[in-house]
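Notes to accompany the following structure.
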DNA sequence: ATCCCCGTATCATTTTTATTGATGCCAAAC
DNA sequence: GTTTGGCATCAATAAAAATGATACGGGGAT
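Protein chains in written order, with this note's numbering: chain G, 5 to 309; chain S, 5 to 309.
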């Protein structure tokens, strides 16, 4: 009775997460044939294929999906063994976190601050991409946890509410609309909007808001919130951006928020985790840190308990 | 960074459970030097000893005790991987159950019946020994679960109440005491008692009862309940035995129970499991099966649910 | 105190296993 | 139809582990 080796599991997990034998090989520092053979041997022992070979692509099939969480867990527990003996040693491992654009750029401190200071020996990898990509990577175990804006509805993904976020419409202080106290929808005729790219959750929410306004005079599409902010400051138009993204520019007097009380621009930021993902001490610790740190308004003050 | 191999864990677990490198070697079908080297390599990688070498004996030290449950769990999860893919296949593994003398001999059906019929492919190993030995083996992971009579108070052992048991005082139907309706303590002067050996939980409880009675006229000590039963039938004396052990003899009219209502001879039978033992589907299934089957009053009748 | 026995640790050799680089093969893109 | 990119296969090599023999060392017996 041949036993499953950790190398085979490692190869399988790597192939599943990267989606290709070649990338998996370089991810775990092995040659391509080694990974191919390890995977083949694993499938032979299990008596069934873990991937559907469609063309030159490997797609995780049902059996593979069932195995992936368990294999991942076994490997992680195996890696945790040495650390579990040092009594009070910090875990010291790797944590792969994904974040959407807004969160990753402007809420990094709030998201990671408490955790990294409490666990200095942990190597944290932050990947920034749009919601869809983050969720996909969490789903195939390439990321341990994601923090995104959009509402996620995937059966294998668990969504943990983190905090709320608000978009605001902003303009240069000398913009005509910026001088007025109260605004109505019809005031937004003939303005030029600057938007994020398609696929962005900020863009999606902005478009929902724009539907309630008169047609825009012109559109400008930029890939980054920061770029949009600079464009608004330069007077190229007005934009709808996360308030956390323009806090500094508001304080500096370079931007002004328009009073668009008639628009509901709030949204929920959530943490997403694979439901069957093994929550080791590191991952669990991170999730706990976000739950305890989230209610605090600012990072400067520390709670006593 | 050298990784821990399953072989090393297997060797470590085997040494920990058997208490000797040699026995561990033959248990996992390896040569003695192989186990010795695997263990040495594991300790080298962990940077600390798992056993205290006192003389020619290996005693699990603190670090080893911390590692054992985790190592055991990793190995079991690894073994479970193949089975987790077959959708509705029966688990099919090994389950090592320990039982004290009374339970193992007379309550086997009640203890194992429901489980083995529900899981035909599971190989069940039943070890019979006294309470102390069973607990010791559960504690060093040599047994998955034990079923004993005595009260266990070990910090690493979890005790799950199973069912109650009762001892009864019995004699031949033609014994002078067997003919009388009501008995008192003083009626037990000048009788010959037949007891179990020292170390037996039945013996301990019997002695507690005897302390409330007049001194015995004579003692006879036998190692097995069945032997005692036959001795009582042969008229060699009276005995205090589990009622489940003499049920058939009572029905056959070969024995009679004395009405000793003034003695409290009830005791609790419990399942004992190591607190940190990984409860895989097999072990968990067995524990569940005992909890659901226990409330049934007798073995002859089957409950519908 | 000394000898003997039992069990573990160590050593060199052999056997097995895994890894590598090269090559064949197939499907998709041009 | 040709080319490209990627996975599977093959023989050779390198690494690791298992084995049998042996050295070491602590208890128990005399």
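Ideal Cβ positions, reconstructed from N, Cα and C, are used throughout, including at glycine.
| Check | Outcome |
| --- | --- |
| Along the chain, where does the beta strand (DSSP E) containing residue 131 of chain S start, and where does it finish? | 127 to 132 |
| In three-state DSSP terms, what is residue 69 of chain G? | helix |
| Count the other C-beta atoms from every protein chain shown that fall within 10 angstroms of the C-beta of residue 98 of chain G, then say buried if there are 16 or more, exposed otherwise. | exposed |
| What span of residues does the beta strand (DSSP E) with residue 103 of chain S cover, start to end? | 98 to 103 |
| In chain G, which residues lie less than 8 Å from residue 74 of chain S when you measure between Cβ atoms? | 81, 84, 85, 88 |
| Can you tell me the Cβ-Cβ gap for residue 196 of chain G and residue 263 of chain G, rounded? I've got them flagged as a contact below 8 Å. | 19 Å between Cβ atoms; not a contact. |
| List, from N- to C-terminal side, the alpha helix (DSSP H) runs of 4 residues or more that fit wholly inside the region 218 to 294 of chain S. | 229 to 237, 247 to 255 |
| Would residue 19 of chain S pass as an interface residue toward chain G - the criterion being a Cβ-Cβ separation below 7 Å? | no |
| Pull the bridge partners of residue 162 of chain G from the DSSP assignment, please. | G:277 |
| Grab me the residues of residue 247 of chain S's own chain with a C-beta within less than 6 Å of its C-beta, minus the 5 sequence neighbours each way, in chain order. | 170, 172 |
| For residue 78 of chain G, return the contacting residues in chain S, with the cut-off set at a CB-CB distance below 8 Å. | 78, 81, 82, 85 |
| Opposite residue 55 of chain S in the DSSP bridges: which residues? | S:64 |
| Cβ atoms of residue 39 of chain G and residue 17 of chain G: under 7 Å apart, would you say? | no |
| Put residue 89 of chain G into one of helix, strand or coil per three-state DSSP. | coil |
| Is it right to say residue 14 of chain G is buried, meaning 16 or more other beta carbons lie within 10 angstroms of its own, or is it exposed? | buried |
| Does residue 204 of chain S pass the burial test, meaning 16 or more other C-beta atoms within 10 Å, or should it be called exposed? | buried |
| Mapping DSSP to helix, strand and coil, what is residue 173 of chain S? | strand |
| In chain G, which residues lie with their C-beta within 7 Å of the C-beta of residue 65 of chain S? | The contacting residues do not exist; residue 65 of chain S stays about 11 Å from chain G at best. |
| Hey, how far is the Cα of residue 130 of chain S from the Cα of residue 108 of chain S? | 8 Å |
| Which of helix, strand or coil does DSSP assign to residue 32 of chain S? | coil |
| List the residues of chain S that residue 8 of chain G touches, going by C-beta distances under 9 Å, in chain order. | 10, 82, 83, 85, 86 |
| Identify every residue that forms a DSSP beta bridge with residue 198 of chain G. | G:224, G:243 |
| Quick check on DSSP: helix, strand or coil for residue 48 of chain G? | helix |
| Determine the chain G residues that contact residue 70 of chain S at a beta-carbon separation under 7 Å, and present them in chain order. | 88, 89 |
| Can a CB atom of chain G be found closer than 7 Å to the CB of residue 34 of chain S? | no |
| Residues of chain S with CB under 9 Å from residue 98 of chain G, in chain order? | Within chain S, no residue comes near residue 98 of chain G; the closest Cβ sits about 13 Å away, beyond 9 Å. |
| With a threshold of 16 other CB atoms inside 10 Å of the CB of residue 281 of chain S, please say whether the residue is buried or exposed. | buried |
| Mind listing the chain G neighbours of residue 50 of chain S? Cutoff is C-beta to C-beta under 7 Å, in chain order. | 86, 89 |
| Relative to the C-alpha of residue 200 of chain G, which residue among G:252, G:213, G:222, G:227 is closest? | G:227 |
| According to DSSP, what are the bridge partners of residue 167 of chain G? | G:273 |
| Is it true that the region 73 to 87 of chain G meets the region 71 to 90 of chain S, where meeting means three or more beta-carbon pairs spaced less than 8 Å apart? | yes |
| Would you mind sorting residue 100 of chain G into buried or exposed? The rule is 16 or more other CB atoms within 10 Å of its CB. | buried |
| Can you tell me the Cα-Cα spacing of residue 168 of chain G and residue 133 of chain G, whole angstroms? | 19 Å |
| Quickly, what does DSSP pair residue 150 of chain G with across the bridge? List them, please. | G:102, G:276 |
| From what residue to what residue does the alpha helix (DSSP H) around residue 145 of chain G run? | Where residue 145 of chain G is concerned, there is no enclosing alpha helix (DSSP H), given that its DSSP letter is neither H nor E. |
| Comparing alpha-carbon positions, which option in G:149, G:166, G:150, G:143 lies nearest residue 159 of chain G? | G:143 |
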